[in-house]
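In the working numbering, the protein residues as written are 537 to 640. Data first, discussion second: the structure below is written as structure tokens.
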């Protein structure tokens, strides 16, 4: 059995979690301000599997090629991300409104 919860309160702040939230939010804000340059940004920092396959793998040991393996984690997009920024309550509210509209 996996422990689902415990009775011991945490004494310290989840620093790594907070930093990941801050980094993700800052990256999203930066991406949203890029406008038409977003394609170049995603090409440079997004994970494209073809870069690591047969024809383009001649410089496989070049460490700069592995930067997108880390940076793609922080790239976001789409309407759903705004629900995460605003909180899940906003997303739940829109789902309830959509369900109510469909039931009519």
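Quick reminder that beta carbons are idealized off the backbone N, C-alpha and C, glycines included.
Item: Ordered list of beta strand (DSSP E) runs contained in the segment 538 to 602, each at least 3 residues; Value: none
Item: Own chain, CB closer than 6 angstroms to residue 608, minus 5 neighbours either side, in chain order; Value: 582, 583
Item: Residue 629 (DSSP reduced to helix, strand or coil); Value: helix
Item: Residue 567 burial status per 10 Å Cβ neighbour count (16 or more: buried); Value: buried
Item: Integer-rounded CB distance, given that residue 565 should sit under 8 angstroms from residue 610; Value: That pair is no contact at about 12 angstroms.
Item: Backbone CA spacing between residue 572 and residue 543 [nearest angstrom]; Value: 50 angstroms
Item: Cα-Cα separation between residue 540 and residue 576, rounded to whole angstroms; Value: 43 angstroms
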